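Chains as they are written, first to last, in the working numbering: chain A, 220 to 364; chain B, 13 to 441.
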Ligand SMILES: Nc1ncnc2c1ncn2[C@@H]1O[C@H](COP(=O)(O)OP(=O)(O)O)[C@@H](O)[C@H]1O
Ligand code: SF4
Ligand SMILES: [Mg+2]
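This is the structure in structure tokens:
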């Protein structure tokens, strides 16, 4: 793995819909100001936002860690929550256990994990029911211009 | 990198360093050092927020003067629909058009046709667009530049269709060069503009193609002249060129937005930079679904709120509604012309819009990260008061400037008390 250039962690509060999306907003600004090229930035923000939303919707609390190397951007999202009993099922397009209330807020289309997969170069989900979930995503940088 | 042109200039002699511009700038592109304002060109999006707030009038819009038009043999005005909302309730677009002729233009273009054409082209583009959605209108140059600077990941969502003013320029040159036997470069296509941003979009289009227009004249620049000439025109029949019909100058569709026919289920009209930024933040996260097209205008209320307009937004809006309700609909010739042109013209954008390269990117990623870390450390020593006395709009900006080697950390008065005495020399009465 290429040398780490930057590592920053952000707290995510579960059930706090008011603040939902702020962490992905913050990391977007960091990476944009660092001049990360547009295509990678776009994919990254989508992955970060969906991961953040899943913590907000399903978990008590979580942490998003951003790790930048010269070759890629990595996101590690770790939460304390119910965990995912069947990860394969969770990745099915349209599969969602979101409540009606969440859906009314405009979340819970069951596209979060599929979109994260589509927009990252590597995506790994580990989960332990009753304890929590770890999502690790890697997005390669096209150039370091 | 080619030099970036901007739609206004800061007159250093007139500048008193009062920092109103620096505080108003949404992209933090202004610094005030030694009592004088200056621009970081890469960050400026030409919104003109600085223009109206300068207490000494040191910032002015760059538009062209009439003298500059003398080199053309035939001068055609393309009037922004906003122009017609600036006068009295009884003044029709046709009268305003006649006043423009009286002012020295040889013709006034039937701009409503071009607006209708682009309206259609947008609808067609939205229908066949594979994604990503929503598409975003590009007719407001500030929106295009905002995306280039602050939302680089969204450039591909800017709709790849020409702005109506551009295709107006193209068609009028074609028509008049044919009718009058002139070369296209002997014909001037001049936009009567509600803002300096459109001037700059002509001088230096974001899509890096050459504009079909030759310059822009601000509405406020011609307002008084039009007013006095219009009062002298008694009836439309008076003039030999009086063939103009109001409906061909001003589009008669619903008032919100520039594109009258786009259905409201498909699109969302958005005005005002603050609101646009909120929505863009959501788009970037993939949070906005089911919307196919966003028509965005940097000015509150759209172009009738542009900073080179004269009438206040609300009066202009009521004038607009009144005009549209009472204007005769254009005749069958209008529809025919739209059909004819739609069949033969290509409306796709020439060139493409790319993210703007910001100054810091001349160094490699490792160095950029180092600067960021350094800026973070530096900002811990700053009071986070954003007083502006260092010459940067926020403490964070100051820390970044220092990390990039553009400023001295000691410019902060909290770190070097004697700075106050230096500042006193610039700000003493
Ligand atoms: N961090 C998480 N903790 C617990 N369950 C999760 C987590 N992330 C996803 N899930 C489960 O996976 C399902 C699918 O997730 P996703 O694809 O993001 O769609 P959505 O969030 O719209 O339901 C969720 O409905 C939920 O049951
Ligand atoms: S909204 Fe219209 S007037 Fe305002 S900056 Fe954009 S194009 Fe110019
Ligand atoms: Mg989800």
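Even for Gly, the Cβ is constructed at its ideal location relative to N, Cα and C.
All of these numbers come straight from a predicted model, not from anything done at the bench.
Skipping 5 residues on each side, what residues in its chain have a beta carbon closer than 8 Å to that of residue i?
i, result
"residue 68 of chain B", "26, 27, 28, 30"
"residue 360 of chain A", "255, 256, 259, 289, 290, 291, 292"
"residue 342 of chain B", "124, 257, 259, 260, 264"
"residue 313 of chain A", "328, 329, 330"
"residue 202 of chain B", "76, 81, 87, 88, 89, 90, 117, 225, 226, 227, 228, 229"
"residue 205 of chain B", "75, 92, 211, 228, 229, 230, 231, 318, 320"
"residue 245 of chain A", "229"
"residue 306 of chain A", "344, 346"
Considering only residues of the same chain and omitting the five flanking positions on each side of residue i, which have a CB-CB separation below 7 Å?
i, result
"residue 46 of chain B", "438"
"residue 279 of chain A", "233, 299, 300"
"residue 363 of chain A", "The pLDDT assigned to residue 363 of chain A is 42, lower than 50, so where the model puts this residue is not dependable, and the model offers no usable value."
"residue 427 of chain B", "393, 421"
"residue 48 of chain B", "24, 27, 29"
Cutting at 6 Å between CB atoms, please list the residues of its own chain near residue i, excluding the five before and the five after it.
i, result
"residue 414 of chain B", "390, 421"
"residue 314 of chain B", "283"
"residue 242 of chain A", "229, 231, 271, 283"
"residue 225 of chain A", "287"
"residue 280 of chain B", "303, 306"
"residue 118 of chain B", "86, 87"
Indicate the three-state DSSP secondary structure (helix, strand or coil) for residue i in the structure shown.
i, result
"residue 297 of chain B", "coil"
"residue 326 of chain B", "helix"
"residue 61 of chain B", "coil"
"residue 266 of chain A", "helix"
"residue 82 of chain B", "helix"
"residue 188 of chain B", "helix"
"residue 281 of chain A", "strand"
"residue 227 of chain A", "strand"
"residue 326 of chain A", "coil"
"residue 128 of chain B", "helix"
"residue 254 of chain B", "Legend: pLDDT at residue 254 of chain B = 43, less than 50; position of this residue unreliable, value from coordinates given subsequently. Three-state DSSP puts residue 254 of chain B in coil, outside helix and strand."
"residue 438 of chain B", "helix"
"residue 202 of chain B", "strand"
"residue 365 of chain B", "coil"
"residue 315 of chain B", "helix"
"residue 70 of chain B", "coil"
"residue 16 of chain B", "coil"
Under a CB-based cut-off of 8 Å, is residue i close to chain A?
i, result
"residue 254 of chain B", "Residue confidence for residue 254 of chain B is low, a pLDDT of 43 falling below 50, so the modelled location carries little weight and cannot support an answer."
"residue 293 of chain B", "yes"
"residue 288 of chain B", "no"
"residue 420 of chain B", "no"
"residue 298 of chain B", "yes"
"residue 250 of chain B", "Note that residue 250 of chain B scores 49 on pLDDT, short of 50, meaning its location in the model is unreliable; the coordinates nonetheless yield the value given after this. No, its Cβ sits nowhere closer than 8 Å to a Cβ of chain A."
"residue 167 of chain B", "yes"
"residue 159 of chain B", "no"
"residue 146 of chain B", "no"
"residue 42 of chain B", "no"
"residue 377 of chain B", "yes"
At least one CB of chain B closer than 8 Å to the CB of residue i: is that the case?
i, result
"residue 264 of chain A", "yes"
"residue 234 of chain A", "no"
"residue 353 of chain A", "no"
"residue 289 of chain A", "yes"
"residue 163 of chain A", "Outside the displayed span of chain A (220 to 364) sits residue 163 of chain A, for which this structure offers no information."
"residue 251 of chain A", "yes"
"residue 243 of chain A", "yes"
"residue 322 of chain A", "no"
"residue 225 of chain A", "yes"
"residue 327 of chain A", "no"
"residue 257 of chain A", "yes"
"residue 260 of chain A", "yes"
"residue 247 of chain A", "yes"
"residue 293 of chain A", "no"
"residue 273 of chain A", "no"
"residue 361 of chain A", "no"
"residue 254 of chain A", "yes"
So residue i and residue j are in contact, right, with Cβ under 8 Å, and what is the actual spacing, rounded?
i, j, result
"residue 292 of chain B", "residue 163 of chain B", "5 Å"
"residue 387 of chain B", "residue 152 of chain B", "Not a contact, Cβ separation roughly 32 Å."
"residue 276 of chain A", "residue 317 of chain A", "6 Å"
"residue 335 of chain A", "residue 227 of chain A", "That pair is no contact at about 20 Å."
"residue 166 of chain B", "residue 155 of chain B", "Not really, about 10 Å apart at Cβ, beyond 8 Å."
Open item on the list: Count Cβ pairs between the stretch 298-317 of chain B and the stretch 136-145 of chain B that sit closer than 8 Å; are there 3 or more?
Closed with: yes
TODO: Inspect the CB distances between the stretch 126-133 of chain B and the stretch 204-223 of chain B and report whether three or more fall short of 8 Å.
DONE: Verdict: no, contact absent.
- [ ] Assess, as a yes-or-no matter, whether the stretch 365-385 of chain B is touched by the stretch 340-356 of chain B under the definition of 3 or more beta carbon pairs within less than 8 Å.
- [x] no
Open item on the list: Contact between the stretch 54-62 of chain B and the stretch 37-44 of chain B is defined here as three or more beta-carbon pairs at a separation below 8 Å; is this criterion met?
Closed with: yes
Task: Validate contact between the stretch 323-338 of chain B and the stretch 66-86 of chain B using beta carbons, cut 8 Å, 3 pairs - done: no
Open item on the list: Is it the case that the stretch 225-234 of chain B contacts the stretch 80-94 of chain B, given that we only count it when at least three CB pairs across the two stretches are under 8 Å?
Closed with: yes
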